[in-house]
Amino acid sequence: MTASLYRDFSPQIDPVKGKVVLITGGTGSFGRRMVQTLLSQYDPRKVIILSRDELKQYEMRNDLEETFPKDKMAKMRFFLGDVRDRARLELAFRGVDVVIHAAALKQVPAAEYNPSECIATNVNGAENVVWACLHNRVQRVVALSTDKACSPINLYGATKLASDKIFVAANNLSGDIGSRFCVVRYGNVVGSRGSVVPYFKRLLSQGATELPITDPRMTRFWISLDQGVAFVLSCLELTQGGEIFVPKIPATLVSDLAVAMAPEAGHKVIGIRPGEKLHEMMISADDARSTYELDDRYIIEPEFVEYTRKSFAKVRGSKKVAEDFYYASDVNEERLDADGIRGMMKAYLE
Numbered sequence: 393m394t395a396s397l398y399r400d401f402s403p404q405i406d407p408v409k410g411k412v413v414l415i416t417g418g419t420g421s422f423g424r425r426m427v428q429t430l431l432s433q434y435d436p437r438k439v440i441i442l443s444r445d446e447l448k449q450y451e452m453r454n455d456l457e458e459t460f461p462k463d464k465m466a467k468m469r470f471f472l473g474d475v476r477d478r479a480r481l482e483l484a485f486r487g488v489d490v491v492i493h494a495a496a497l498k499q500v501p502a503a504e505y506n507p508s509e510c511i512a513t514n515v516n517g518a519e520n521v522v523w524a525c526l527h528n529r530v531q532r533v534v535a536l537s538t539d540k541a542c543s544p545i546n547l548y549g550a551t552k553l554a555s556d557k558i559f560v561a562a563n564n565l566s567g568d569i570g571s572r573f574c575v576v577r578y579g580n581v582v583g584s585r586g587s588v589v590p591y592f593k594r595l596l597s598q599g600a601t602e603l604p605i606t607d608p609r610m611t612r613f614w615i616s617l618d619q620g621v622a623f624v625l626s627c628l629e630l631t632q633g634g635e636i637f638v639p640k641i642p643a644t645l646v647s648d649l650a651v652a653m654a655p656e657a658g659h660k661v662i663g664i665r666p667g668e669k670l671h672e673m674m675i676s677a678d679d680a681r682s683t684y685e686l687d688d689r690y691i692i693e694p695e696f697v698e699y700t701r702k703s704f705a706k707v708r709g710s711k712k713v714a715e716d717f718y719y720a721s722d723v724n725e726e727r728l729d730a731d732g733i734r735g736m737m738k739a740y741l742e
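According to this note's numbering, the stretch in the sequence shown is residues 393 to 742, in order.
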């Protein structure tokens, strides 16, 4: 089992103490866990969920009320809204100190089939979030990205690359407002909506005797939901503006994942789906020219800087990566063995 499975990305200080935090797309897997973490471990003044699904908001509120006392729930606000609606964002972001942008259309096949919808949410929505943040003088903004944004071959990845560029460049627009924008890029989240882990679990619960494997050579990066939340909060603490933060996380063969979940089940190779990669990459060799390494993460610094910031070349003992460095799931030295995979999936197998 690799130690990186348990790598603790938690911030060294409370980056949201006394602050108003708004999460776009906050009723998703990440948003739910972020809210639970903020209410139980940190001290925000207020937490706002902005999403477009009233039923999910209703269900999320009920779940939180069963877990947290009234004084914690008094900090919660639920706003209906869509990141495609700039005017609504401008109203919702009033008085907000921190925005965590998690709203996106994420299903690769759906994006290939409905490109204009994916662009409207992931690209135009990103511009709207930036505009609303600047309009309301929001001080810190973290946008969630994906490994598919690095050297993209599918529309989803291309839209997230465009979104990353929008948030990085937004720092050049903040002027005396002082808003600082950064991006967090990581791999598959264990158990999140659309993840292969709950998909395999559902098939097994239905009595499946074999699991579908796209390609036995396929590899993927993995991060737990708790690690993802902690990593975002730590990036709020670290950001100088314009960075793309990449965590050091393990990778595994998808076929090994299937074996760990169901050792006795057979495998049916179904082929790679449209827009799917054999291996994922989070830092390309071209990114390496502006990438620094810390103990627990890599930091891709912005290439164009029109604002005051400190380079990570002089922060926390960081070091420059080699010019030919790249970070991909097939060459990642941190790999999960069978025990590590089972530990990663434990909460979803019970």
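For every residue, glycine included, the Cβ atom is placed at its ideal position computed from N, Cα and C.
- In chain order, 500, 546, 548, 549, 552, 669, 672 place their CB closer than 8 Å to the CB of residue 540, counting only its own chain and leaving out the 5 sequence neighbours on each side.
- Under DSSP, residue 596 forms no beta bridge with any residue.
- By the 16-neighbour rule on beta-carbons within 10 angstroms, residue 719 is buried.
- In this structure, the straight-line span from the alpha carbon of residue 724 to that of residue 643 is close to 7 Å.
- Assignment of beta strand (DSSP E) within the segment 692–737, counting only whole runs of 3 or more residues, yields no such run.
- Per the coordinates, the alpha-carbon of residue 640 lies some 33 Å from the alpha-carbon of residue 470.
- Assigned with DSSP and collapsed to three states, residue 540 falls in helix.
- Scanning its chain for C-beta atoms nearer than 6 Å, with the 5 sequence neighbours on each side dropped, one finds around residue 674 the residues 539, 542, 577, 638, 719, in chain order.
- For residue 427, no beta strand (DSSP E) encloses it; the enclosing alpha helix (DSSP H) starts and ends at 421–433.
- Distance from the CA of residue 482 to the CA of residue 680, rounded to the nearest whole angstrom, comes to 36 Å.
- The segment 407–417 makes contact with the segment 434–442, as at least three CB pairs between them are under 8 Å.
- Inter-segment contact for the segment 598–607 and the segment 646–653 is present: three or more beta-carbon pairs are separated by less than 8 Å.
- For the pair residue 427 and residue 445, the Cα-to-Cα distance works out to about 17 Å.
- For the pair residue 424 and residue 487, the Cα-to-Cα distance works out to about 22 Å.
- Taking all protein chains in view, the Cβ of residue 736 is crowded by 16 or more other Cβ atoms within 10 Å, so the residue is classified as buried.
- Out of 617, 662, 478, 516, the CA that lies nearest to the CA of residue 610 is found in 662.
- Per DSSP, the continuous beta strand (DSSP E) segment holding residue 645 begins and ends at 643–645.
- Residue pairing for residue 446: DSSP places it in no beta bridge.
- In this structure, residue 408 places its C-beta atom within 7 Å of the C-beta atom of residue 490.
- Just so you know, the alpha carbons of residue 518 and residue 658 end up roughly 42 Å apart.
- By alpha-carbon distance to residue 632, the top candidate from 533, 593, 618, 556 is 533.
- Burial check for residue 537: the Cβ neighbour count within 10 Å reaches 16 or more, so the residue is buried.
- Shown here, residue 501 sits in a helix according to DSSP, grouped into three states.
- Here the alpha carbon of residue 712 sits roughly 6 Å from the alpha carbon of residue 683.
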